[in-house]
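Report on one structure; see the data block that follows.
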DNA sequence: GGCGGCTAATGAAACCTTTCAATTTCTGCG
DNA sequence: CGCAGAAATTGAAAGGTTTCATTAGCCGCC
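Residue numbers (the working numbering), protein chains in the order written: chain V, 3 to 340; chain P, 3 to 340.
Laid out in structure tokens, this is it:
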């Protein structure tokens with residue numbers, strides 16, 4: 003293990019000053035080609051690697067953006083992360099992916115780490131609707147963009163209209179003639195979930211059906227395991243009162259429900275139609291391909307990153323914007339009997 | 003946007019020296035309780051946030067470990083990342099997740115960023131078997147642990163025995179009476195893929211079958227799309243020469259193949275049995291629940307992180323170790339006709 | 001030959017924290 | 001009351017880069 007070389011060593015070897023070395027690294031056009039080559043050679047010979055900590059200390063701000071999501075296990079978020087990372091890369095920024103796991107404490111922990119790192123900016127799908135820590139961070143001058151979460155005009159956000167998504171899903175089920183429908187999702191404190199539910203209720207009213215036609219089953223989490231559990235609860239109901247369709251707040255839940263139905267030989271969609279949400283890759287590969295509400299996840303990530311960059315670069319003239327995408331219903335076998 | 007406060011401001015406000023402030027932050031036991039409280043109050047009042055860059059500059063090394071994986075879209079890797087992150091968190095380290103996407107160039111890019119950040123250590127599933135950059139990094143004193151990749155004694159690694167996994171899968175198919183089997187996976191340059199193939203061939207020999215019984219279909223990638231494509235190619239073959247079983251190098255491929263078969267009404271496992279690899283959550287939720295080779299992904303991550311910490315803390319007395327886990331075959335409907 | 005105007009290169013200061021040897025303050029005891 | 005020893009606090013140095021006001025070097029033109 004050799005002592006790592008610094009700019010000073012490079013400068014010495016190349017016979018120039020440290021300032022010149024720095025210029026070769028950051029403003030190559032300012033230094034004469036001959037000198038530049040000499041410096042570059044010295045860098046290669048010494049195996050010099052720039053110390054990002056020192057650069058950052060001087061710059062006062064890092065080149066890293068934090069992306070805090072609710073669940074890395076959910077392909078929706080990894081797709082979104084893909085969009086973020088691509089756009090970030092195009093602007094010379096790197097991304098650190100943080101998983102809050104829908105836990106406010108972990109979210110807070112990640113946020114403080116990001117602040118200590120003087121993150122360039124933060125993209126976050128917050129656990130709670132009201133997160134004072136976020137305002138504090140923005141108050142300190144770090145741009146923050148809310149992702150998959152609509153918001154007031156006081157901050158930038160990127161989202162998909164969850165009410166419309168809920169309406170699309172519900173209207174589709176009503177259209178197929180279902181009279182007893184269950185909404186499966188939770189915790190309801192998650193905004194996306196409650197909005198989708200609101201949309202579903204709206205569709206119910208629009209169709210002139212009584213509110214009792216929709217039963218809400220609140221789950222503890224939005225993953226496959228919770229779906230399986232809920233599936234069992236539903237399958238246990240007597241066929242007469244059992245819902246004939248479920249609208250799940252995301253695809254993981256839907257896949258869990260579907261899995262239980264398959265195991266317990268409840269025909270889908272014959273006895274139970276299922277609609278999911280997100281249209282992840284696995285939705286179409288499921289036991290019965292899932293009808294699902296598609297969200298433009300990668301575009302969402304891209305738009306969020308672009309907003310963040312705008313807020314960072316034009317900090318004074320920046321106008322907060324709320325970008326809202328439209329979801330799209332993808333109909334598959336889980337709601338359409340052959 | 004207020005000027006952010008530094009240790010100096012805090013010291014001034016609390017009426018102590020900067021050294022004491024630093025001690026409150028890093029060695030609270032060294033400072034008298036009364037003083038400590040005064041400093042903590044000043045910190046709260048000023049909204050002081052430690053500057054990680056400066057701390058790092060002084061320390062010479064960061065508290066971040068890099069985890070470079072082949073595909074964040076693959077749940078196997080996100081599960082693995084979960085294990086890594088948990089273990090890292092327990093030791094006060096944070097993790098940055100980097101996606102190489104099986105592209106050597108992106109891998110290299112991530113590695114240089116990690117070096118510039120003076121990463122505490124690096125966990126990597128390398129794209130190529132031979133990656134000189136890794137040796138250079140280790141030579142500079144940064145611990146590196148290979149993940150899901152066995153290796154020579156000259157470095158730490160954590161892996162699951164892929165040959166045995168291949169053998170298990172293949173032996174199972176042979177046991178079910180299949181005589182024409184396809185191996186689907188690629189690029190074969192990925193070690194995990196070629197090892198699984200080697201294991202499959204071994205099982206073939208052990209069963210006394212001719213090598214021609216196994217056809218190798220090399221894919222461009224290990225994702226659902228590649229699986230769908232291969233599925234079409236297989237389904238296009240005349241029933242007489244078509245394999246009666248496929249062993250896919252991972253579950254994403256298997257799900258893709260399965261999806262095509264379902265769409266094209268080729269009965270699974272009736273006309274085509276399918277075995278996957280990794281046993282991701284979605285494998286059991288598939289159209290036909292997938293038989294798959296389970297890997298202890300989270301444990302893998304945990305073990306890798308522990309090895310890394312050992313290498314970092316006991317750098318001189320450290321003995322490189324190769325931890326190898328055993329995979330396990332999970333049999334489901336995709337290979338067992340009712 | 002001298003001088004203006006230009007490009008290229010210089011080097012010290014600043015960024016903020018941690019460390020550690022040195023100093024001050026406290027405690028208990030003779 | 002003084003002193004030894006322990007405990008608490010101090011303050012300057014170090015860590016590696018970037019910035020920017022200066023200085024040096026060069027060219028062409030009067």
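No residue lacks a Cβ here, since even glycine has one placed at the ideal position from N, Cα and C.
List the whole-angstrom C-beta distance separating residue 281/P from residue 295/P, where the pair is believed to meet the contact cut-off of C-beta under 8 Å.
-> That pair is a contact at about 7 Å.
Would you say residue 54/V faces chain P, with C-beta separation under 9 Å as the test?
-> Output row for residue 54/V: interface = yes.
Minimum Cβ-Cβ distance from residue 80/P to chain V less than 9 Å = Interface residue, yes.
Three-way DSSP call (helix, strand, coil) for residue 324/V in this model = Of the three classes helix, strand and coil, the one that applies to residue 324/V here is strand, per DSSP.
What's the gap between the Cα of residue 31/V and the Cα of residue 45/P?
-> Distance between the alpha carbons of residue 31/V and residue 45/P: 43 Å.
Straight-line Cα distance separating residue 335/V from residue 269/V = Each residue's alpha carbon lies about 12 Å from the other.
Ends of the beta strand (DSSP E) at residue 101/P?
-> Run containing residue 101/P: 96 to 101, per the beta strand (DSSP E) assignment.
List the residues of chain P whose Cβ lies closer than 9 Å to the Cβ of residue 274/V, in chain order.
-> Ordered by position in chain P, no residue passes the 9 Å Cβ test against residue 274/V, which lies about 15 Å from the chain.
Inter-stretch contact at 8 Å, needing at least 3 Cβ pairs: the segment 140 to 151 of chain P / the segment 298 to 318 of chain P | They touch, by the three-pair rule.
Is the CB of residue 118/V under 9 Å away from at least one CB in chain P?
-> By this cut-off, residue 118/V is an interface position.
Length at least 4, wholly inside the segment 247 to 276 of chain P: the alpha helix (DSSP H) runs in chain order | Those alpha helix (DSSP H) runs which fall completely within the segment 247 to 276 of chain P and span 4+ residues are 253 to 265.
Span of the beta strand (DSSP E) around residue 183/V | Start and end: 183 to 187.
Quick one: residues in its chain with C-beta nearer than 6 Å to the C-beta of residue 307/P, no 5 flanking neighbours on either side, listed in chain order?
-> Same-chain partners within the cutoff: 86, 89 and 90.
Which residues, in chain order, does the segment 281 to 299 of chain P contribute to contact with chain V at a C-beta distance below 8 Å?
-> For the segment 281 to 299 of chain P, which is checked against every Cβ of chain V, the residues closer than 8 Å are 283, 284, 286, 287, 288, 289, 290 and 291.
Reduced DSSP category for residue 143/P - H, G, I as helix; E, B as strand; rest coil = For residue 143/P, the secondary structure class from DSSP, reduced to helix, strand or coil, is coil.
Excluding the five sequence neighbours on either side, which residues of its own chain have a C-beta within less than 7 Å of the C-beta of residue 64/V, listed in chain order?
-> Excluding positions up to five away in sequence, the list reads 58, 119, 120, 121 and 122.
Please say whether residue 164/P and residue 193/P have beta carbons closer to each other than 9 Å?
-> Yes, the pair counts as a contact, with Cβ atoms nearer than the cut-off.
According to a CB-to-CB cut-off of less than 8 Å, which residues of the segment 312 to 340 of chain V neighbour chain P?
-> Taking 8 Å as the Cβ-Cβ cut-off against chain P, none of the residues of the segment 312 to 340 of chain V qualify.
Beta-carbon spacing of residue 70/P, residue 131/P below 9 Å | Taking a C-beta distance under 9 Å as the contact criterion, residue 70/P and residue 131/P do not qualify as a contact pair.
How many Å lie between residue 171/P and residue 216/V at the Cα?
-> Roughly 45 Å between the two C-alpha positions.
Across which residues does DSSP place residue 71/P in a beta bridge pair?
-> According to DSSP, which records beta bridges pairwise, residue 71/P is partnered with 101/P.
Counting only beta-carbon atoms, is residue 226/V nearer than 9 Å to chain P?
-> Closer than 9 Å to some Cβ of chain P, the Cβ of residue 226/V qualifies, so yes.
Beta-carbon neighbours of residue 83/V, restricted to chain P and to distances below 8 Å = Result: 74.
At 7 Å on the CB atoms, spell out the chain V contacts of residue 115/P, in chain order.
-> What residue 115/P touches in chain V, judged by beta-carbon distance under 7 Å, is 96, going in chain order.
Per-residue contacts from residue 42/P into chain V (C-beta, under 7 Å) = Around residue 42/P, no beta-carbon contact reaches into chain V at under 7 Å, the shortest distance being about 15 Å.
Enumerate, from N- to C-terminal direction, the unbroken alpha helix (DSSP H) stretches of 4 or more residues contained entirely within the segment 19 to 77 of chain P.
-> Complete alpha helix (DSSP H) runs here, min 4: 20 to 28, 35 to 48 and 54 to 61.
In or out: residue 62/P buried (at least 16 other Cβ within 10 Å) or exposed?
-> With fewer than 16 Cβ atoms within 10 Å of its Cβ, residue 62/P is classed as exposed.
With distances taken between CB atoms, is the gap from residue 236/V to residue 293/V smaller than 9 Å?
-> No.
Continuous alpha helix (DSSP H) stretch holding residue 10/V: start and end | Element bounds for residue 10/V: 9 to 16.
CA nearest to the CA of residue 273/P, picked from 287/P, 251/P and 247/P | Minimum Cα distance to residue 273/P is reached at 247/P.
The beta strand (DSSP E) spanning residue 293/P covers which residue range?
-> From DSSP, the beta strand (DSSP E) with residue 293/P extends over 293 to 296.
Counting only runs that start and end within the segment 170 to 239 of chain P, where is the beta strand (DSSP E) found for 3 or more residues in a row?
-> Qualifying beta strand (DSSP E) stretches, in chain order: 183 to 187 and 216 to 220.
Take the Cβ of residue 18/V as the centre, count every other Cβ of all protein chains shown within 10 Å, and call the residue buried at 16 or more, exposed below.
-> With 16 or more neighbouring CB atoms inside 10 Å of its own CB, residue 18/V falls in the buried class.
Since I believe residue 229/V is in contact with residue 201/V (beta carbons under 8 Å), could you give me their beta-carbon distance rounded to a whole number of angstroms?
-> Actually they are not in contact, since the Cβ atoms of residue 201/V and residue 229/V sit about 20 Å apart, beyond 8 Å.
Residue 27/P touches chain V at which residues, Cβ-Cβ below 7 Å?
-> Near residue 27/P there are no residues of chain V at all, since even the closest Cβ is about 11 Å away, more than 7 Å.
Using the C-alpha atoms, what's the distance from residue 199/V back to residue 185/V?
-> Answer to the nearest angstrom: the Cα atoms are 7 Å apart.
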